[in-house]
């Protein structure tokens, strides 16, 4: 059975999703979904171990060899992403039962879990496949379920946000499809490794160049890179809290993965960075994204909005690391993928707990919560510190490597700007802290209780992970280093 | 002979499209649409013979059915109350939602 | 000489029409229609890519020497399904939007959103 | 034998095409909805029938013949029904037959679909 | 409705380009289902449209950049229809030349879809399933409300139901013709389902046709009648079963010692195994597609009826005028 690990990762949640409909009892379905995602979590740990010890795993679906059939190909990068998605998926799901009871109608619960599992399936599929068209199919699974999940939000603006996301997402997916078509036309194959090997002959053609542009733009739409980010804030702000916590931690990460996979594995480093002024473009876009989004976050009054904009800013950091295009820079990006998933899911889950108690995520409603919900607010503070990049938290580790990477290649201005961007994060985190701790509780509101333990357990698990991986960086750094080196073709 | 028939049908399809675009009433459009569908069925059958692959007839068959269903669908939906009163109705729905 | 590429230019034209509708129209359903056109243009692109001169439909039969490339057909079958799924979901969203906003025009919805946002922040 | 069949099918096809064409002219030139539906309803059924018969005469084997007959049957069923339903629906929605001026009540709808 | 024509046209286009299977699907989907869904949505949202357009300049710019990019890309492409293009040289020849020995199905599209790239198809089924669940979660009405509404309509709102009956009476010819046609359509759907190995067709197309027949029934005989046969929760389960059937074929091959979805191990003879595998997964596809299409349509139509009833109840004067107008029409 050990050889089948890669496919089990995808197929188990895929089969569990329809099974959910058979159970049809909210609590039962929740337990079942939790079990399934815990299984995928364990599975991904095994996979990571296997990849780290014995190198890339391939798996031929249907028993057909690679360019003819579809192939699964798991290397360090994929395994890392799988681990992130499955862990976050499981931890977030733990709180789901409590949260959606407040936020969703009773008869939607089964459908919610089913969609949630499908969404996880889609992401696993994107990450583990080695076939370009398969990426498109699973991309659609994950995004369709994401649209539906966002549309489940209570507020009517959730519908509008989901619609916008749908339009943008479909345009992005269609662009990706065009790009895949152009590539297929020039190489006659859909397998990533095969494309990469055959692309060398036709590298100079304009068609390949167009394919590259379409793929990059499509992925950037999904990635919510700065000028294409318009769908993200509302989608995150009005979706059910659980959905926000899950999507914020994973959806953009998968897009970053695609970007890395496309430019490094398929097109190759030389092509990716020589045909377009990609390095400068992404550096500028990333930095502008950091500043614009952080500034926007400062002026927002809905805490979910604040963190959504901060997500866009964090995507900016990842893109900066990617654009530096040294192994260290890429390593910083990968570390930030991992770390950002940890802190954002903790933040949004804590917000979910707040919404569960006070029914709103408006900043003005937070008054006095510091004393009434001490554990939850403490979690927000710690995760917020991590977001800023204070030492002893994970945020510090990835920013440190980002700075090192920038300084290594002599990009001092970039390093300075990254530091300045972190200062902006201080401001918006401080606003929340100030209102929550230094203002008296709202008059006329009954004292708010601490969040239930089903919330606190996953939140604090994530927060402790934030601190743990901030102190003991061996595991994350080791994996990220291995992944980035293998992408650059350096054998450790 | 087959080619001649193909050309004739293509011309008729063009005429149907013109009527469909020009209108002026909804029913004219549905009529032209129906006609267009029938002509497509014929076109596909003839094309099948032209290319020597009679498998295409399956598609023609599907077309005939789908065409019927969609015309019925258009009719049923255009019969519905909202369709006729869509303009008057907007005001009350807005009020009772808010 | 460039006439050999005419099929792609038709596709590009269709694609531009569809894309323009998606971006420029304010009516939500029209946007979806544009999206459908956009997607269909991509389908045609794939299919024309798989076509071979004097080839025949890819169903094995006697006396046929050349077949069209079946792989794009397979891909597009999948893509069509994805397209209809997206359309259905989008229409469902539009219906819900109409119910809760009373309108399916982009700017009216944005105005209403602005109003609610102002109300909550005051 | 095969020659006769081919001539027959050619005749059927030609006649069918002609009838279809006349229907096409009819839908474009006739003044109002009811005359148009008349043109289309009659020519569509007859033309389609003729063309399909023409194809049947040159069909290579039994399965193809069967499918053609099925299509013919469907057309014979569907076309009159659809025309009937359409005319009835138009009548019920107060679309009056007008000869000179087709700017009647139904015309002012912004029919864009 | 122009979308319908568009669907038909693009389908004919596919026929010209030898893509039989795709034409088949596009015929069923583009001309049929998606048009119907659009219509259903339009009737619910109203047809009025603001004429103004915003930011046309920016939009034009974006569109032209994209189009220009594509045209730029096409310049180096192999010519339309040329046999030497890499597309036809690398992967595809194996499908064309060897699929008969390896899979044993004359329709190459089916063999690629069902066997070589079966996992894509599994993904496709999952997409459809997702869409069904998504529509359900967005549009399905709460159970309580639905039952209470049924009570009301049966007890107090009898005028409404009689009006509805009248509407159905008026479609006498349609109903009888459809009654004759529907069995044939269902039969044809089955033919498409099982003939997919040899001609164009397969699970997806068959599912759409099957669903179309049922939608036709629902349109002519009322949603409630159709609901009585196809209960909401039962269809949901059918959709789930289809996906499960597909996936479990893969799991069975896992247990038989092959890779996921490797049909060769399903039977002693690889070709027979391939046949069984393709048959089963096509069945799964057919189940899911049928069920999901029905779910989508029923939910749209059910929502519409609910809306209609709500507005009728809330605005009695409008109701009266409507009744008057129908009486007038009946008189004519």
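Protein chains in written order, with this note's numbering: chain A, 1 to 492; chain B, 493 to 590; chain C, 591 to 712; chain D, 713 to 825; chain E, 826 to 1157.
Every residue, glycine too, gets a C-beta built ideally from N, C-alpha and C.
N-terminal and C-terminal residue of the beta strand (DSSP E) that residue i is part of
| i | result |
| --- | --- |
| residue 266(A) | No beta strand (DSSP E) holds residue 266(A); DSSP gives it neither H nor E. |
| residue 58(A) | 57-60 |
C-alpha gap between residue i and residue j, whole angstroms
| i | j | result |
| --- | --- | --- |
| residue 297(A) | residue 41(A) | 33 Å |
| residue 590(B) | residue 706(C) | No answer about residue 590(B) holds up, because its pLDDT of 31 lies below 50 and its placement is not dependable. |
| residue 958(E) | residue 1128(E) | 16 Å |
| residue 147(A) | residue 238(A) | 12 Å |
| residue 921(E) | residue 933(E) | 7 Å |
| residue 1158(E) | residue 964(E) | Outside the shown range of chain E, which is 826 to 1157, sits residue 1158(E), and nothing can be said about it. |
| residue 376(A) | residue 11(A) | 35 Å |
| residue 899(E) | residue 665(C) | 20 Å |
| residue 636(C) | residue 459(A) | 47 Å |
| residue 766(D) | residue 497(B) | 10 Å |
| residue 650(C) | residue 935(E) | 11 Å |
| residue 498(A) | residue 72(A) | One cannot answer for residue 498(A) here, as it falls past the ends of chain A, which runs 1 to 492. |
| residue 1035(E) | residue 729(D) | 33 Å |
| residue 659(C) | residue 189(A) | 12 Å |
| residue 319(A) | residue 282(A) | 6 Å |
| residue 316(A) | residue 436(A) | 28 Å |
| residue 735(D) | residue 669(C) | 37 Å |
| residue 379(A) | residue 347(A) | 8 Å |
| residue 95(A) | residue 290(A) | 31 Å |
Where residue i falls: helix, strand or coil (DSSP)
| i | result |
| --- | --- |
| residue 646(C) | strand |
| residue 76(A) | helix |
| residue 703(C) | helix |
| residue 71(A) | strand |
| residue 805(D) | coil |
| residue 201(A) | coil |
| residue 129(A) | strand |
| residue 1099(E) | helix |
| residue 313(A) | helix |
| residue 49(A) | helix |
| residue 185(A) | helix |
| residue 641(C) | coil |
| residue 101(A) | helix |
| residue 450(A) | coil |
| residue 587(B) | With a pLDDT of 34 at residue 587(B), under the threshold of 50, the modelled position of that residue is not reliable, and the figure given next carries that caveat. Here residue 587(B) sits in helix by DSSP. |
| residue 559(B) | helix |
| residue 367(A) | coil |
Delimiting residues of the alpha helix (DSSP H) encompassing residue i
| i | result |
| --- | --- |
| residue 668(C) | 660-691 |
| residue 231(A) | Where residue 231(A) is concerned, there is no enclosing alpha helix (DSSP H), given that its DSSP letter is neither H nor E. |
| residue 959(E) | 943-964 |
| residue 1015(E) | 997-1020 |
| residue 292(A) | 278-299 |
| residue 493(A) | No information on residue 493(A) is available, as it lies outside the stretch 1 to 492 that chain A covers here. |
| residue 505(B) | 494-514 |
Anticipated Cβ contact below 8 Å, residue i with residue j, distance rounded
| i | j | result |
| --- | --- | --- |
| residue 447(A) | residue 372(A) | 6 Å |
| residue 134(A) | residue 1085(E) | Not confirmed; about 13 Å, so no contact. |
| residue 181(A) | residue 632(C) | 7 Å |
| residue 567(B) | residue 801(D) | 5 Å |
| residue 69(A) | residue 941(E) | 5 Å |
| residue 863(E) | residue 671(C) | Contact doesn't hold; Cβ gap of about 17 Å is too wide. |
| residue 220(A) | residue 228(A) | 5 Å |
Problem - Members of the region 507-527 of chain B that neighbour chain H once the beta carbon cut-off is set at 7 Å - result: Annotation note: the requested chain H is absent from the structure, which comprises protein chains A, B, C, D and E.
Exercise for the section: Say whether the region 130-139 of chain A touches the region 676-684 of chain C, bearing in mind that this needs 3 or more beta-carbon pairs closer than 8 Å, one atom from each stretch. Expected result: no
Exercise for the section: Evaluate contact between the region 263-275 of chain A and the region 98-116 of chain A, counting only Cβ atoms and requiring at least three cross-stretch pairs below 8 Å. Expected result: no
Handout entry: Stretch-stretch touch, CB-based, cutoff 8 Å, three pairs: the region 304-315 of chain A with the region 200-219 of chain A
Key = no
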